[in-house]
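Structure record follows, encoded as C-alpha coordinates.
In the numbering used here, the protein residues as written are 0 to 338.
Here it is in C-alpha coordinates:
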(Lines of atoms letter the chains of each structure in order from A and count residues from 1; the text may use other names and numbers.)
(Lines give C-alpha, C1' and ligand atoms only; values in the text may rest on other atoms or scores of the structure.)
Protein backbone atom coordinates (compact mmCIF):
# COMPACT_ATOMS: atom_id res chain seq x y z
CA UNK A 1 0.00 0.00 0.00
CA UNK A 2 1.27 3.48 -0.88
CA UNK A 3 1.90 5.03 2.56
CA UNK A 4 2.50 8.46 1.05
CA UNK A 5 -0.86 8.46 -0.71
CA UNK A 6 -2.58 7.09 2.39
CA UNK A 7 -1.17 9.94 4.47
CA UNK A 8 -2.21 12.50 1.85
CA UNK A 9 -5.76 11.11 1.75
CA UNK A 10 -5.97 11.20 5.54
CA UNK A 11 -4.74 14.78 5.58
CA UNK A 12 -7.36 15.73 3.01
CA UNK A 13 -10.18 13.93 4.83
CA UNK A 14 -9.19 15.40 8.18
CA UNK A 15 -10.26 18.81 6.88
CA UNK A 16 -13.79 17.47 6.28
CA UNK A 17 -14.52 15.55 9.47
CA UNK A 18 -18.21 15.01 10.18
CA UNK A 19 -19.19 15.57 6.55
CA UNK A 20 -20.32 13.38 3.69
CA UNK A 21 -18.63 13.83 0.33
CA UNK A 22 -18.62 12.08 -3.05
CA UNK A 23 -15.73 9.62 -3.30
CA UNK A 24 -15.02 10.95 -6.80
CA UNK A 25 -13.81 14.22 -5.27
CA UNK A 26 -10.72 12.50 -3.86
CA UNK A 27 -9.56 11.26 -7.27
CA UNK A 28 -9.99 14.74 -8.66
CA UNK A 29 -8.41 16.61 -5.75
CA UNK A 30 -5.30 14.43 -5.60
CA UNK A 31 -5.06 13.48 -9.28
CA UNK A 32 -4.61 9.86 -8.17
CA UNK A 33 -5.78 6.63 -9.78
CA UNK A 34 -9.24 5.44 -8.81
CA UNK A 35 -8.07 1.91 -8.01
CA UNK A 36 -5.30 3.02 -5.62
CA UNK A 37 -7.57 5.50 -3.86
CA UNK A 38 -10.32 2.89 -3.58
CA UNK A 39 -7.91 0.40 -1.97
CA UNK A 40 -6.81 2.94 0.62
CA UNK A 41 -10.39 3.99 1.38
CA UNK A 42 -11.32 0.36 1.89
CA UNK A 43 -8.51 0.09 4.44
CA UNK A 44 -9.60 3.29 6.19
CA UNK A 45 -13.12 1.90 6.34
CA UNK A 46 -11.80 -1.28 7.96
CA UNK A 47 -9.90 0.88 10.45
CA UNK A 48 -13.17 2.59 11.40
CA UNK A 49 -12.08 6.04 10.21
CA UNK A 50 -14.69 6.43 7.48
CA UNK A 51 -17.97 4.92 6.35
CA UNK A 52 -18.86 4.32 2.71
CA UNK A 53 -22.18 3.64 1.06
CA UNK A 54 -23.09 3.01 -2.54
CA UNK A 55 -25.92 4.77 -4.35
CA UNK A 56 -26.16 3.25 -7.79
CA UNK A 57 -22.68 3.42 -9.26
CA UNK A 58 -21.59 6.24 -6.96
CA UNK A 59 -20.03 6.10 -3.52
CA UNK A 60 -20.53 8.56 -0.69
CA UNK A 61 -17.96 8.80 2.11
CA UNK A 62 -18.74 9.87 5.66
CA UNK A 63 -15.59 11.11 7.40
CA UNK A 64 -15.77 10.32 11.10
CA UNK A 65 -14.53 12.84 13.63
CA UNK A 66 -11.21 12.09 15.29
CA UNK A 67 -8.77 11.73 12.38
CA UNK A 68 -5.55 13.10 13.84
CA UNK A 69 -3.44 13.59 10.73
CA UNK A 70 -2.20 17.08 10.00
CA UNK A 71 -4.95 18.89 8.12
CA UNK A 72 -4.28 20.07 4.59
CA UNK A 73 -6.59 22.39 2.72
CA UNK A 74 -7.05 21.55 -0.93
CA UNK A 75 -8.60 24.59 -2.56
CA UNK A 76 -10.19 24.09 -5.95
CA UNK A 77 -9.64 27.02 -8.27
CA UNK A 78 -11.70 25.62 -11.13
CA UNK A 79 -15.30 25.09 -10.12
CA UNK A 80 -17.96 23.21 -12.07
CA UNK A 81 -21.42 24.78 -11.95
CA UNK A 82 -24.45 22.93 -13.28
CA UNK A 83 -27.57 24.82 -14.36
CA UNK A 84 -30.89 23.74 -15.85
CA UNK A 85 -31.83 24.84 -19.38
CA UNK A 86 -33.83 27.91 -18.42
CA UNK A 87 -33.98 31.71 -18.69
CA UNK A 88 -33.81 31.96 -14.93
CA UNK A 89 -30.17 32.68 -14.12
CA UNK A 90 -29.63 35.96 -15.95
CA UNK A 91 -27.33 37.13 -13.14
CA UNK A 92 -24.87 34.37 -14.05
CA UNK A 93 -22.47 36.68 -15.92
CA UNK A 94 -22.04 38.80 -12.81
CA UNK A 95 -21.29 35.71 -10.72
CA UNK A 96 -18.76 34.26 -13.17
CA UNK A 97 -16.88 37.55 -13.38
CA UNK A 98 -16.95 38.22 -9.65
CA UNK A 99 -15.59 34.72 -8.96
CA UNK A 100 -12.86 35.27 -11.54
CA UNK A 101 -11.88 38.46 -9.69
CA UNK A 102 -11.48 36.32 -6.58
CA UNK A 103 -9.22 33.83 -8.36
CA UNK A 104 -11.76 31.17 -9.34
CA UNK A 105 -12.61 29.91 -12.79
CA UNK A 106 -16.20 28.67 -13.10
CA UNK A 107 -17.09 26.21 -15.86
CA UNK A 108 -20.83 26.13 -16.60
CA UNK A 109 -22.58 22.95 -17.72
CA UNK A 110 -26.19 23.12 -18.94
CA UNK A 111 -28.47 20.20 -18.08
CA UNK A 112 -31.86 19.51 -19.62
CA UNK A 113 -33.40 18.18 -16.41
CA UNK A 114 -33.39 19.59 -12.87
CA UNK A 115 -33.22 16.21 -11.17
CA UNK A 116 -30.20 15.25 -13.28
CA UNK A 117 -28.51 18.52 -12.28
CA UNK A 118 -29.01 17.83 -8.58
CA UNK A 119 -27.87 14.23 -8.92
CA UNK A 120 -24.69 15.40 -10.67
CA UNK A 121 -23.95 17.61 -7.65
CA UNK A 122 -24.75 14.87 -5.15
CA UNK A 123 -22.46 12.39 -6.90
CA UNK A 124 -19.55 14.80 -7.41
CA UNK A 125 -19.79 15.40 -11.16
CA UNK A 126 -20.19 19.13 -10.45
CA UNK A 127 -19.35 21.29 -7.44
CA UNK A 128 -22.24 23.77 -7.51
CA UNK A 129 -25.78 23.49 -8.82
CA UNK A 130 -28.55 25.91 -9.68
CA UNK A 131 -31.42 23.45 -9.72
CA UNK A 132 -34.98 23.24 -8.36
CA UNK A 133 -35.26 23.57 -4.60
CA UNK A 134 -37.74 20.69 -4.80
CA UNK A 135 -35.15 18.30 -6.24
CA UNK A 136 -32.43 19.48 -3.84
CA UNK A 137 -34.66 18.70 -0.87
CA UNK A 138 -35.91 15.46 -2.39
CA UNK A 139 -32.43 14.01 -2.95
CA UNK A 140 -30.80 15.25 0.23
CA UNK A 141 -31.81 12.40 2.60
CA UNK A 142 -30.30 9.87 0.20
CA UNK A 143 -26.94 11.58 -0.43
CA UNK A 144 -26.42 14.31 2.23
CA UNK A 145 -23.34 15.38 0.26
CA UNK A 146 -24.29 19.03 -0.35
CA UNK A 147 -25.90 22.07 1.26
CA UNK A 148 -28.38 24.64 -0.03
CA UNK A 149 -26.60 27.95 0.46
CA UNK A 150 -28.70 30.64 -1.27
CA UNK A 151 -31.90 31.37 -3.14
CA UNK A 152 -32.11 32.82 -6.63
CA UNK A 153 -35.23 33.83 -8.53
CA UNK A 154 -38.96 33.25 -8.34
CA UNK A 155 -41.73 33.16 -10.93
CA UNK A 156 -41.14 32.20 -14.53
CA UNK A 157 -43.73 29.41 -14.74
CA UNK A 158 -47.11 29.10 -16.43
CA UNK A 159 -50.09 26.77 -16.12
CA UNK A 160 -51.51 26.35 -19.61
CA UNK A 161 -54.64 24.62 -20.88
CA UNK A 162 -54.62 23.14 -24.35
CA UNK A 163 -57.16 24.17 -27.00
CA UNK A 164 -56.73 20.77 -28.66
CA UNK A 165 -59.64 18.41 -28.54
CA UNK A 166 -59.11 15.44 -26.28
CA UNK A 167 -58.72 14.43 -22.68
CA UNK A 168 -58.86 17.31 -20.19
CA UNK A 169 -57.75 15.11 -17.32
CA UNK A 170 -54.09 14.92 -18.34
CA UNK A 171 -51.41 17.25 -16.97
CA UNK A 172 -47.83 17.42 -18.27
CA UNK A 173 -44.98 18.38 -15.96
CA UNK A 174 -41.29 17.87 -15.35
CA UNK A 175 -40.56 15.51 -12.46
CA UNK A 176 -39.57 16.38 -8.88
CA UNK A 177 -39.24 20.05 -9.81
CA UNK A 178 -40.81 23.45 -9.28
CA UNK A 179 -43.26 22.57 -12.04
CA UNK A 180 -44.14 19.38 -10.18
CA UNK A 181 -44.81 21.38 -7.02
CA UNK A 182 -47.01 23.79 -8.99
CA UNK A 183 -48.78 20.81 -10.58
CA UNK A 184 -49.57 19.40 -7.15
CA UNK A 185 -50.80 22.77 -5.88
CA UNK A 186 -52.99 23.28 -8.95
CA UNK A 187 -54.56 19.82 -8.75
CA UNK A 188 -55.31 20.36 -5.06
CA UNK A 189 -56.75 23.85 -5.45
CA UNK A 190 -58.82 22.88 -8.50
CA UNK A 191 -60.35 19.86 -6.83
CA UNK A 192 -58.84 17.56 -9.45
CA UNK A 193 -57.07 15.18 -7.08
CA UNK A 194 -57.73 11.64 -8.25
CA UNK A 195 -59.31 12.89 -11.47
CA UNK A 196 -56.20 13.68 -13.51
CA UNK A 197 -53.32 11.67 -14.88
CA UNK A 198 -49.84 13.18 -14.71
CA UNK A 199 -47.45 12.62 -17.60
CA UNK A 200 -43.86 13.49 -16.74
CA UNK A 201 -41.43 14.64 -19.38
CA UNK A 202 -37.75 14.31 -18.61
CA UNK A 203 -36.39 16.59 -21.30
CA UNK A 204 -37.84 19.83 -22.69
CA UNK A 205 -37.86 18.59 -26.30
CA UNK A 206 -40.65 16.19 -25.35
CA UNK A 207 -43.03 19.14 -25.14
CA UNK A 208 -41.67 20.98 -28.17
CA UNK A 209 -44.79 20.20 -30.23
CA UNK A 210 -47.78 22.06 -28.74
CA UNK A 211 -50.16 20.34 -31.14
CA UNK A 212 -49.53 17.05 -29.34
CA UNK A 213 -50.53 18.41 -25.94
CA UNK A 214 -54.03 17.69 -24.70
CA UNK A 215 -55.11 18.80 -21.27
CA UNK A 216 -52.81 20.91 -19.09
CA UNK A 217 -49.10 21.62 -19.25
CA UNK A 218 -46.94 23.37 -16.66
CA UNK A 219 -43.78 24.93 -18.06
CA UNK A 220 -41.03 27.39 -17.30
CA UNK A 221 -39.45 30.17 -19.35
CA UNK A 222 -38.43 29.90 -22.20
CA UNK A 223 -40.34 26.68 -22.92
CA UNK A 224 -43.76 28.24 -22.60
CA UNK A 225 -42.81 30.58 -25.45
CA UNK A 226 -43.32 27.58 -27.74
CA UNK A 227 -46.99 27.70 -26.79
CA UNK A 228 -47.43 31.41 -27.45
CA UNK A 229 -50.05 32.15 -30.10
CA UNK A 230 -51.06 28.47 -30.16
CA UNK A 231 -54.38 29.07 -28.46
CA UNK A 232 -53.37 27.81 -25.01
CA UNK A 233 -55.23 29.41 -22.13
CA UNK A 234 -52.98 30.87 -19.43
CA UNK A 235 -54.48 29.92 -16.06
CA UNK A 236 -51.54 31.05 -13.93
CA UNK A 237 -52.88 34.32 -12.52
CA UNK A 238 -56.29 32.81 -11.77
CA UNK A 239 -54.84 30.11 -9.53
CA UNK A 240 -53.02 32.41 -7.12
CA UNK A 241 -50.18 29.88 -6.93
CA UNK A 242 -46.76 31.29 -6.08
CA UNK A 243 -43.49 29.87 -4.83
CA UNK A 244 -40.78 31.73 -2.94
CA UNK A 245 -37.85 30.04 -4.67
CA UNK A 246 -37.70 28.27 -8.00
CA UNK A 247 -34.07 27.14 -8.30
CA UNK A 248 -31.61 27.59 -5.47
CA UNK A 249 -27.83 27.41 -5.21
CA UNK A 250 -26.46 24.24 -3.63
CA UNK A 251 -22.79 23.52 -2.98
CA UNK A 252 -20.91 20.28 -2.41
CA UNK A 253 -19.65 19.46 1.07
CA UNK A 254 -16.12 19.46 -0.33
CA UNK A 255 -15.91 23.19 0.46
CA UNK A 256 -14.83 24.40 3.87
CA UNK A 257 -16.97 27.03 5.59
CA UNK A 258 -14.70 29.87 4.48
CA UNK A 259 -14.96 28.97 0.79
CA UNK A 260 -18.68 28.22 1.13
CA UNK A 261 -19.20 31.67 2.58
CA UNK A 262 -17.13 33.30 -0.17
CA UNK A 263 -19.22 31.59 -2.85
CA UNK A 264 -22.47 32.50 -1.12
CA UNK A 265 -21.60 36.17 -0.61
CA UNK A 266 -20.31 36.52 -4.17
CA UNK A 267 -23.49 34.93 -5.48
CA UNK A 268 -25.76 37.22 -3.45
CA UNK A 269 -23.76 40.26 -4.53
CA UNK A 270 -24.16 39.13 -8.15
CA UNK A 271 -27.94 39.07 -7.81
CA UNK A 272 -27.87 42.57 -6.31
CA UNK A 273 -25.79 43.82 -9.22
CA UNK A 274 -28.18 42.14 -11.63
CA UNK A 275 -31.09 44.04 -10.06
CA UNK A 276 -29.28 47.28 -10.92
CA UNK A 277 -28.66 46.30 -14.56
CA UNK A 278 -30.51 43.11 -15.58
CA UNK A 279 -29.65 43.35 -19.28
CA UNK A 280 -25.87 43.57 -19.04
CA UNK A 281 -25.02 39.87 -19.49
CA UNK A 282 -27.87 38.67 -21.69
CA UNK A 283 -25.53 38.05 -24.64
CA UNK A 284 -23.21 36.01 -22.42
CA UNK A 285 -26.13 33.98 -21.08
CA UNK A 286 -27.42 33.42 -24.60
CA UNK A 287 -24.01 32.06 -25.61
CA UNK A 288 -24.04 29.65 -22.65
CA UNK A 289 -27.59 28.34 -23.08
CA UNK A 290 -28.42 28.92 -26.74
CA UNK A 291 -31.54 30.91 -25.81
CA UNK A 292 -31.96 33.99 -28.06
CA UNK A 293 -31.34 37.39 -26.45
CA UNK A 294 -34.81 38.54 -27.54
CA UNK A 295 -36.38 35.72 -25.51
CA UNK A 296 -34.11 36.41 -22.53
CA UNK A 297 -35.16 40.07 -22.53
CA UNK A 298 -38.71 38.90 -21.90
CA UNK A 299 -37.48 36.74 -19.01
CA UNK A 300 -36.27 39.82 -17.13
CA UNK A 301 -39.93 40.56 -16.39
CA UNK A 302 -40.90 36.92 -15.84
CA UNK A 303 -38.44 36.18 -13.02
CA UNK A 304 -38.07 38.23 -9.86
CA UNK A 305 -35.09 38.10 -7.47
CA UNK A 306 -35.48 35.95 -4.36
CA UNK A 307 -31.88 35.75 -3.13
CA UNK A 308 -32.49 34.13 0.26
CA UNK A 309 -33.86 30.65 0.80
CA UNK A 310 -37.56 30.99 1.66
CA UNK A 311 -38.43 28.87 4.69
CA UNK A 312 -42.17 28.98 3.93
CA UNK A 313 -41.51 27.49 0.51
CA UNK A 314 -39.42 24.76 2.12
CA UNK A 315 -42.24 23.94 4.53
CA UNK A 316 -44.68 23.69 1.63
CA UNK A 317 -42.37 21.42 -0.36
CA UNK A 318 -41.51 19.22 2.61
CA UNK A 319 -45.20 18.76 3.41
CA UNK A 320 -45.67 17.32 -0.09
CA UNK A 321 -42.50 15.24 -0.09
CA UNK A 322 -43.00 13.81 3.34
CA UNK A 323 -45.66 11.86 5.15
CA UNK A 324 -43.59 10.89 8.16
CA UNK A 325 -40.98 8.79 6.38
CA UNK A 326 -38.26 9.90 6.72
CA UNK A 327 -38.75 12.30 9.62
CA UNK A 328 -39.14 15.68 7.98
CA UNK A 329 -36.43 17.33 10.13
CA UNK A 330 -33.84 15.72 7.85
CA UNK A 331 -34.80 18.03 5.00
CA UNK A 332 -33.89 21.10 7.06
CA UNK A 333 -30.39 19.71 7.56
CA UNK A 334 -29.81 20.54 3.89
CA UNK A 335 -29.78 24.26 4.70
CA UNK A 336 -26.40 25.92 5.06
CA UNK A 337 -26.27 27.94 8.28
CA UNK A 338 -22.88 29.61 7.91
CA UNK A 339 -19.98 29.48 10.34
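In this text, a Cβ means the ideal position worked out from N, Cα and C, and glycines have one as well.
Since this is a predicted model, take the numbers as computed values, not measurements.
- In the DSSP assignment, residue 78 falls within the beta strand (DSSP E) that extends over 77-83.
- Residues of the same chain with a CB within less than 6 Å of the CB of residue 254, apart from the 5 flanking positions on each side, do not exist.
- Measuring C-alpha to C-alpha distances from residue 298 to each of 155, 314, 236 identifies 155 as the nearest.
- Setting aside the 5 residues that flank it on each side, residue 60 is surrounded in the same chain by 20, 22, 49, 51, each with a C-beta closer than 6 Å to its C-beta; the list follows chain order.
- The residue among 25, 117, 218, 62 with its C-alpha nearest the C-alpha of residue 179 is 218.
- In the structure shown, residue 106 falls within a strand segment according to DSSP collapsed to helix, strand and coil.
- Assignment of residue 292 by DSSP, reduced to helix, strand and coil, places it in the helix class.
- Going by DSSP, residue 9 is part of the alpha helix (DSSP H) stretching over 2-13.
- Cβ contact annotation for residue 243 (same chain, cutoff 7 Å, sequence separation greater than five): 153, 305, 309, 311, 312, in chain order.
- Secondary structure at residue 176: coil, using DSSP grouped into helix, strand and coil.
- Of the other Cβ atoms in all chains shown, fewer than 16 fall within 10 Å of the Cβ of residue 325; this residue is therefore exposed.
- For residue 260, no beta strand (DSSP E) run applies; the uninterrupted alpha helix (DSSP H) run containing it begins and ends at 256-275, by DSSP.
- Taking C-beta atoms under 8 Å as the contact rule, residue 281 and residue 129 fail to qualify, at a distance of about 17 Å.
- A contact between stretches requires three or more CB pairs, one per stretch, nearer than 8 Å, and the segment 225-240 meets this requirement with the segment 181-192.
- For residue 35, the uninterrupted alpha helix (DSSP H) segment begins and ends at 33-45.
- Under DSSP, residue 246 takes part in a beta bridge, and its partners are 131.
- In this structure residue 173 is in contact with residue 200, their Cβ atoms being roughly 6 Å apart against a cut-off of 8 Å.
- Sequence-distant partners of residue 44 (beyond 5 residues in either direction) whose C-beta falls short of 6 Å from its own C-beta, in its chain, are 51.
- Spatial neighbours of residue 74 in its own chain (CB-CB distance under 8 Å, excluding positions within 5 residues in sequence) are listed in chain order as 258.
- Annotated as proximal: residue 252 and residue 144, with beta-carbon spacing under 9 Å.
- Around the beta carbon of residue 238, a 10 Å sphere encloses fewer than 16 other beta carbons of the protein chains shown; the residue is thus reported as exposed.
- For residue 17, same chain residues with a beta-carbon under 6 Å away, outside a window of 5 residues either side, are 64 in chain order.
- Under the three-state reduction of DSSP output, residue 237 falls in the helix class.
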